[in-house]
Each structure stands twice: as C-alpha cells, then as structure tokens.
Amino acid sequence: MQHGFIRVRLAAAVLSLAPIAVAAQTPAVPRTPDGRPNLQGIWQVLNSAAWDVQDHSARLGAPAGQGVVNGNEIPYQPWALAKKQENFANRATADPDAMGYLPGVPRIMYMPFPFQIFQTPDHVTIAFEYAHGIRTIYTNGTPHPRGPINWWLGDSRGRWDGNTLVVDVVHFTDQTWLDRAGNFHSEALHLVERYTLDGPDHLRYDVTIEDPKVFTRPWTMSVLLYRRKEPNVRLLEYDPAFLMDEEQAARERGKPN
Amino acid sequence: MNTRCVVAILGLAAMAVAAAGAAAQTPERPETIAGCPAENLAFHTCALQKATTFTPPRTPSGRPNLQGYWRSQLTQAFSVEGVPADDPLIKDPIMPWEAAAPEVIDPADRKIPYQPWAAAIGRRGVNFYKYIDPRTTCSTAGIPRLALQDASQIVQPPTDDFVLWHHDDHHMYRVIAMGNRPPVGAGVKTWNGLSRGRWDGNTLVVETTNFNGYTWIDDSGNFYTDTARIVERLTMVDADTIDYEVTFEDPTVYTRPWRVAWALVRVTEPGFELIEEACREGERALGRIREQGYKYYFGETWRAR
Numbered sequence: 000m001q002h003g004f005i006r007v008r009l010a011a012a013v014l015s016l017a018p019i020a021v022a023a024q025t026p027a028v029p030r031t032p033d034g035r036p037n038l039q040g041i042w043q044v045l046n047s048a049a050w051d052v053q054d055h056s057a058r059l060g061a062p063a064g065q066g067v068v069n070g071n072e073i074p075y076q077p078w079a080l081a082k083k084q085e086n087f088a089n090r091a092t093a094d095p096d097a098m099g100y101l102p103g104v105p106r107i108m109y110m111p112f113p114f115q116i117f118q119t120p121d122h123v124t125i126a127f128e129y130a131h132g133i134r135t136i137y138t139n140g141t142p143h144p145r146g147p148i149n150w151w152l153g154d155s156r157g158r159w160d161g162n163t164l165v166v167d168v169v170h171f172t173d174q175t176w177l178d179r180a181g182n183f184h185s186e187a188l189h190l191v192e193r194y195t196l197d198g199p200d201h202l203r204y205d206v207t208i209e210d211p212k213v214f215t216r217p218w219t220m221s222v223l224l225y226r227r228k229e230p231n232v233r234l235l236e237y238d239p240a241f242l243m244d245e246e247q248a249a250r251e252r253g254k255p256n
Numbered sequence: 000m001n002t003r004c005v006v007a008i009l010g011l012a013a014m015a016v017a018a019a020g021a022a023a024q025t026p027e028r029p030e031t032i033a034g035c036p037a038e039n040l041a042f043h044t045c046a047l048q049k050a051t052t053f054t055p056p057r058t059p060s061g062r063p064n065l066q067g068y069w070r071s072q073l074t075q076a077f078s079v080e081g082v083p084a085d086d087p088l089i090k091d092p093i094m095p096w097e098a099a100a101p102e103v104i105d106p107a108d109r110k111i112p113y114q115p116w117a118a119a120i121g122r123r124g125v126n127f128y129k130y131i132d133p134r135t136t137c138s139t140a141g142i143p144r145l146a147l148q149d150a151s152q153i154v155q156p157p158t159d160d161f162v163l164w165h166h167d168d169h170h171m172y173r174v175i176a177m178g179n180r181p182p183v184g185a186g187v188k189t190w191n192g193l194s195r196g197r198w199d200g201n202t203l204v205v206e207t208t209n210f211n212g213y214t215w216i217d218d219s220g221n222f223y224t225d226t227a228r229i230v231e232r233l234t235m236v237d238a239d240t241i242d243y244e245v246t247f248e249d250p251t252v253y254t255r256p257w258r259v260a261w262a263l264v265r266v267t268e269p270g271f272e273l274i275e276e277a278c279r280e281g282e283r284a285l286g287r288i289r290e291q292g293y294k295y296y297f298g299e300t301w302r303a304r
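Chains A and B supply the protein sequences, listed in that same order. Following numbering that gives the first Met the number 0, the numbering of the first sequence begins with 0 at its first residue and continues without gaps. Following numbering that gives the first Met the number 0, the numbering of the second sequence begins with 0 at its first residue and continues without gaps.
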C-alpha cells in the first residue's frame with residue numbers, strides 16, 4: 000500500500016516535469032529519406048496579408064491585420080509611393096488579381112487558400128488551389144535561364160542551407176501586385192525566400208524583396224504558414240478567371256432574347 | 000464557321016508563324032514505338048503484352064518509377080474518333096484539319112457510344128458550331144485532353160502518398176491522392192476532377208470523379224458531364240515509354256463505357272524543363288470570338304436537357 004502510494008507520487012512528479020522538457024527542446028521536424036526537412040503537406044496562412052501586407056484597420060470585405068512587413072515600412076522611392084497610393088484608391092478594379100490573373104510571388108504564398116508542397120531530391124514543387132498556380136523550385140544546382148523573361152510566377156532556383164530551403168526568384172512581370180492595397184513592384188523584382196519548418200505543423204516563410212526600380216533598399220516580410228490537418232483535406236479548385244466567365248455566361252443566359 | 004476558324008481569321012497576320020509552329024509541333028509519327036506498331040489499338044495491345052515481361056525502374060520505396068518529362072505520341076486533337084480522308088474540314092481554306100487515325104480503341108467501330116441526343120451535341124454537333132471551345136477561353140483542357148498534347152511531368156515524392164502530374168498546357172496540374180482515401184462528396188465539382196490513385200501490379204490506376212462537365216475531350220466538342228467517372232491506367236512498356244489508357248463512364252451520355260489509348264514517350268533533351276504558360280494573362284482573341292456569336296459552354300448543352 001505504502002509502496003503503491005510512492006509510485007503514484009513519482010509518476011505525478013514525472014508528469015509535471017514533462018511539459019517543461021518538451022518546451023525546452025525544439026520539436027522534431029519530419030524528414031525525407033535523404034535527410035532534408037520534409038516540407039510536404041497542405042499549408043495555408045491565417046492572416047490578412049493578401050489584403051494588405053502592412054498594419055491596417057478593417058475595411059469592408061477585408062479583415063484588420065497586423066502587418067507581415069518587418070518594421071512595417073516599405074521603402075518606396077518617392078514616385079513609387081505616389082503610385083502605390085493611386086493603386087490603393089483604384090484597387091477594386093486596378094488590382095490585376097481582380098481580373099483573374101495569377102497573383103504573382105510572393106502574394107500567391109499568402110492568399111487565403113491552401114497550397115500543397117511536393118518534394119523530391121531534384122526539386123520542390125508547390126501547387127496552389129488559387130488559380131491553378133504552380134511553381135517548380137529546382138534544387139538540382141541548375142542556374143536561372145538567361146533573361147529577360149516575364150513570367151507571372153518567376154523562375155525559382157533553390158538550395159538547402161542547413162534546415163532551410165533558400166530560393167532565389169527572378170524573371171517577373173511588372174503586372175502583379177503584392178496585395179490588394181496596391182503595394183507593387185517592377186519586372187526587376189528579385190526575391191530571396193527562406194522556408195524553415197518551425198516544428199512539424201508550422202512553416203516559416205521569410206522573404207527579402209529587392210527591386211531597385213521601385214524601392215530604395217531591400218526589405219523583408221515574415222509569414223507563418225499552418226499545416227492543414229483535417230484528415231480529409233485536399234486541394235480543390237478556385238480559379239477566379241473561370242468563375243468570372245461562369246458568372247458572365249449566367250448573366251447572358253438570363254437576358255431576354 | 001467554327002471557333003477554330005475565328006481564331007485563325009483573327010490570327011491572319013501571324014498565320015505564317017502559326018503554320019510553321021504547327022508543323023514543328025506535329026510530331027513525325029514513327030513506324031514503331033517501343034517496338035510496337037504506331038496505330039493506337041495495335042500499339043496498346045502490343046504494349047500491354049510487352050509490359051508483362053518488362054521490369055520497370057523502381058522508386059526508393061519500390062514503386063514503379065514513372066517520374067520524368069513525357070510527351071504524347073499517337074495523338075491528334077481534332078477528334079478522338081479520327082478524321083477521315085474525305086472530311087470537308089481537310090479542305091478548309093482558313094484552318095485545314097488533317098486526316099487522322101482515331102484514339103478510340105474500344106468499341107470496335109472506334110466511335111464514342113453516345114446516346115442519340117448526346118451524339119447531336121458532341122461529334123462536331125451543337126457544341127462545335129454554337130459554343131466556344133472551353134480551352135480557347137484559357138480554362139483547363141480537362142481530362143484527358145491535358146495529356147493529349149504538349150509535354151508533362153510526373154512527380155512521385157518518396158513519401159508515396161501523392162503523385163503530381165504537371166502539364167505544360169495552361170500551367171495545369173493534377174494531384175493524385177494515393178492509398179485508400181474516401182472519395183470527396185459529390186457536391187464538390189471541379190474542372191479537372193478529383194483523382195485517387197492505386198497500384199495494380201506495375202500499373203498506376205487513377206480514378207477521377209467530381210467533374211463539373213465544363214471541358215471537352217477534343218476540338219470536335221466531344222464531351223462528358225458531371226456524372227462522369229474516368230479511369231486512367233499508366234503502364235511502363237520500356238524505360239522510355241508509357242502505355243496510357245483511359246476509360247470513360249458516364250451513364251448520362253454514353254450507352255456503355257469506352258476507351259482511348261496512346262503512348263507517352265520520355266523527353267530526353269538535356270536540360271528540358273516545363274515553361275510557365277500563362278494563357279489568360281495574355282489572352283486577346285476571346286472578345287472577338289464572342290462578337291461572332293459563339294456562346295460560353297459551361298455544359299449548357301447537356302444541362303439544358
């Protein structure tokens with residue numbers, strides 16, 4: 000009886016220590032057979048960066064949000080700041096996303112829709128539910144093709160820096176924005192993305208934005224992605240261009256002939 | 000007059016370029032593929048026989064390794080039923096078709112077994128003459144038209160839980176969920192369908208449902224509806240050839256299941272990569288096509304029935 004009581008007290012002591020022990024060490028991250036962090040899965044943001052990457056109050060149809068720009072300031076050149084303000088005023092129609100186009104990088108990473116990562120030793124492919132976007136990040140040591148090339152999602156070449164996938168992205172168009180608030184870039188955009196697992200279910204996305212035609216210096220954003228864990232979760236389809244056409248077709252059918 | 004003609008008229012200035020491009024894109028049909036005859040039914044029969052004695056390369060986890068870049072062979076996009084030599088469209092002054100063999104291998108008459116009402120819509124019927132080919136609007140070509148033309152890439156992550164089929168055509172992709180996943184509820188309808196895969200010996204079997212029925216099978220307006228179930232079978236015949244077979248089931252439209260087959264041949268050019276094809280983002284002809292009176296499709300012909 001006495002013996003049993005002691006055993007119970009010991010067990011209780013171990014239990015009370017357990018949370019401390021877990022908090023003290025970094026949770027293990029899943030790994031692929033070749034030992035790299037396994038970034039695969041379905042991921043999605045839980046923020047409002049797609050509406051505005053900076054601190055902002057609620058607007059009709061757009062939740063309030065704390066910005067994802069580190070330091071909150073975007074170092075626009077004077078002409079570019081004026082252009083951003085004009086974009087903001089006209090955003091309902093001027094945003095290229097409102098025409099159903101691919102939203103560009105990095106914006107497609109923080110659209111409020113899931114995406115799925117597929118990883119092999121040679122490349123990491125990201126398939127987006129939004130607009131059927133797809134990015135292939137080559138990790139086989141190949142260089143960017145010679146430019147200039149105007150691609151909506153750029154050209155991505157990556158390498159592993161320890162546990163972080165570092166991706167260099169160039170060859171953009173000047174036709175995409177960074178958010179619905181009119182933040183923008185030119186075709187000279189150059190991104191350095193860093194993908195780091197923060198435990199098994201969180202993926203940290205840090206991106207450096209460089210564009211000497213628009214900004215006075217490089218600046219950074221940090222976004223947290225969450226693993227979608229519903230057992231039945233799958234990428235479905237949201238293609239804004241197709242949906243716009245479908246609405247238009249329905250309107251035309253409704254017309255009296 | 001049809002959508003293809005309008006596209007051609009709009010593109011008169013670019014016609015020389017387009018013709019050169021088309022000539023370059025129409026692959027020379029080799030006499031044999033993987034040692035099998037270059038005719039769809041004969042190829043398919045021979046290829047499946049050869050596959051019984053071929054040991055495919057394996058992934059680290061032991062699955063047949065279908066990874067790499069592939070290009071379709073034994074295909075044409077005019078009509079899966081083929082184009083006879085006396086077809087009037089072959090003499091079309093603006094955008095002539097070419098005589099072509101059918102991709103249909105079953106039934107034996109190489110024709111889609113349509114119910115009568117549906118034959119009047121597909122097979123260069125109402126769809127072709129009154130509606131815009133959905134692919135022309137920069138929407139997806141759909142299944143299996145995505146694999147009918149252009150290059151594609153098959154990706155098998157070592158975790159074996161998904162296969163990704165990435166198509167050059169309009170930056171489209173398909174996620175094939177492996178294992179015994181339950182189907183997604185029928186209330187979710189999609190352009191490319193939702194696919195589940197499994198291995199049947201060395202064959203990747205992909206079953207796709209949850210279609211919205213908004214895509215066509217070919218340029219002739221051949222079609223299925225949102226009740227379709229499509230089963231694809233990918234079988235390696237040799238290290239550089241896949242036999243690709245597709246079974247269409249749709250009790251709304253057909254009298255029985257039917258099949259097409261063609262070959263996927265490995266792209267061996269060094270340094271080959273898929274290139275972003277942003278279609279909608281540069282699209283200029285759709286407004287002019289609509290001015291000619293062609294209507295958006297969105298399955299209107301079969302939904303109105």
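By construction, the Cβ of each residue, glycine as well, lies at the ideal position given by its N, Cα and C atoms. Quick caveat, the model's predicted, so the values are computed rather than measured.
Burial state of residue i (16 or more Cβ within 10 Å)
i	result
Leu196 (chain A)	buried
Ser60 (chain B)	exposed
Leu221 (chain A)	Residue identity differs from the one stated: residue 221 (chain A) is Ser in this sequence, not Leu. So Ser221 (chain A) counts as exposed.
Leu202 (chain A)	buried
Ala63 (chain A)	exposed
Gly103 (chain A)	buried
Interface residues of chain C facing residue i [CB-CB closer than 9 Å]
i	result
Arg144 (chain B)	No chain C appears in this structure, whose protein chains are A and B.
Pairwise C-alpha distance: residue j and residue i
i	j	result
Gly274 (chain B)	Ala57 (chain A)	The sequence shown places Ile at residue 274 (chain B), not Gly. The alpha-carbon atoms of Ile274 (chain B) and Ala57 (chain A) are separated by roughly 39 Å.
Ile111 (chain B)	His170 (chain B)	29 Å
Ala22 (chain A)	Val28 (chain A)	Low per-residue confidence applies at Ala22 (chain A): pLDDT is 45, beneath 50, and the placement is therefore not dependable, though the value from the model is reported in the following sentence. If I take the Cα positions, the gap works out to 15 Å.
Tyr68 (chain B)	Trp50 (chain A)	37 Å
Arg122 (chain B)	Gly132 (chain A)	32 Å
Val264 (chain B)	Ala180 (chain A)	47 Å
Asn231 (chain A)	Phe222 (chain B)	30 Å
Asn149 (chain A)	Ala176 (chain B)	33 Å
Ala185 (chain B)	Asn211 (chain B)	10 Å
Thr207 (chain A)	Gly220 (chain B)	47 Å
Ala107 (chain B)	Asp244 (chain A)	39 Å
Gly196 (chain B)	Asp91 (chain B)	42 Å
Ala21 (chain B)	Thr31 (chain A)	For Ala21 (chain B), the predicted structure reports a pLDDT of 39, less than 50, and the residue's modelled location is therefore unreliable. A value from the coordinates is still provided. Straight-line Cα distance between these residues: approximately 43 Å.
Gly178 (chain B)	Tyr253 (chain B)	29 Å
Asn126 (chain B)	Trp190 (chain B)	17 Å
Same chain, Cβ closer than 6 Å to residue i, neighbours up to 5 away in sequence not counted
i	result
Ser155 (chain A)	Arg134, Ile136, Val166 and Val168
Asp96 (chain A)	Pro102
Thr305 (chain B)	Here chain B comprises residues numbered 0 to 304, so residue 305 (chain B) is not present and cannot be evaluated.
Ala17 (chain A)	Annotation note: pLDDT 44 at Ala17 (chain A) (below 50); position unreliable, coordinate value reported separately. Closer than 6 Å at Cβ, skipping near neighbours: no residue.
Trp301 (chain B)	Thr224
C-beta neighbour in chain A for residue i, strict 7 Å
i	result
Thr214 (chain B)	no
Val79 (chain B)	no
Ser138 (chain B)	yes
Thr63 (chain B)	The residue you asked about is not Thr; residue 63 (chain B) is Pro in the sequence shown. Chain A, which has no Cβ nearer than 7 Å to the Cβ of Pro63 (chain B), makes this no.
Glu280 (chain B)	yes
Ala284 (chain B)	no
Thr189 (chain B)	yes
Residue-chain proximity (residue i, chain B), Cβ-Cβ < 7 Å
i	result
Phe214 (chain A)	no
Gln147 (chain A)	First, the amino acid is wrong: residue 147 (chain A) is Pro here, not Gln. It does not: the Cβ of Pro147 (chain A) has no partner Cβ on chain B nearer than 7 Å.
Thr175 (chain A)	no
Glu192 (chain A)	no
His131 (chain A)	yes
Glu245 (chain A)	yes
Ala93 (chain A)	no
Ala292 (chain A)	Only positions 0 to 256 of chain A appear in the structure, and residue 292 (chain A) is not among them; the question remains open.
Nearest neighbour of residue i, chosen from the options [CA to CA]
i	options	result
Lys212 (chain A)	A:Tyr194, A:His184, A:Leu234 and A:Met220	A:His184
Gly157 (chain A)	A:Phe114, A:His143, A:Asn149 and A:Arg203	A:His143
Arg216 (chain A)	A:Asn37, A:Leu188 and A:Asp238	A:Leu188
Trp42 (chain A)	A:Leu242, A:Ala248, A:Leu223 and A:Glu236	A:Leu223
Glu128 (chain A)	A:Met243, A:Glu246, A:Tyr237 and A:Gln247	A:Tyr237
Leu235 (chain A)	B:Asp168, B:Arg173, B:His43 and B:Ala146	B:Arg173
Val79 (chain B)	B:Thr58, B:Pro143 and B:Thr139	B:Pro143
Ala227 (chain B)	B:Cys278, B:Glu206, B:Ile241 and B:Asp168	B:Glu206
Ala76 (chain B)	B:Trp261, B:Arg279, B:Gly298 and B:Cys278	B:Trp261
Arg226 (chain A)	A:Ala249, A:Asp33, A:Gly40 and A:Arg35	A:Gly40
Lys188 (chain B)	B:Leu73, B:Ala118, B:Asp225 and B:Tyr293	B:Asp225
Any non-hydrogen atom of the ligand GTP closer than 6 Å to residue i Cβ
i	result
Ala248 (chain A)	Only the bare structure without any ligand can be found here, which leaves the ligand GTP out of the picture.
Contacts around residue i, its chain only, beta-carbon distance under 7 Å, and the 5 residues preceding and following it disregarded
i	result
Gln65 (chain A)	Asp54
Leu45 (chain A)	Tyr225
Residues of its chain near residue i, where Cβ-Cβ distance is below 8 Å and the 5 sequence neighbours each way are ignored
i	result
Arg258 (chain B)	Val103, Ile104, Asp105, Glu244, Val245, Thr246 and Phe247
Pro95 (chain B)	Leu88 and Ile89
Arg255 (chain B)	Pro106 and Pro112
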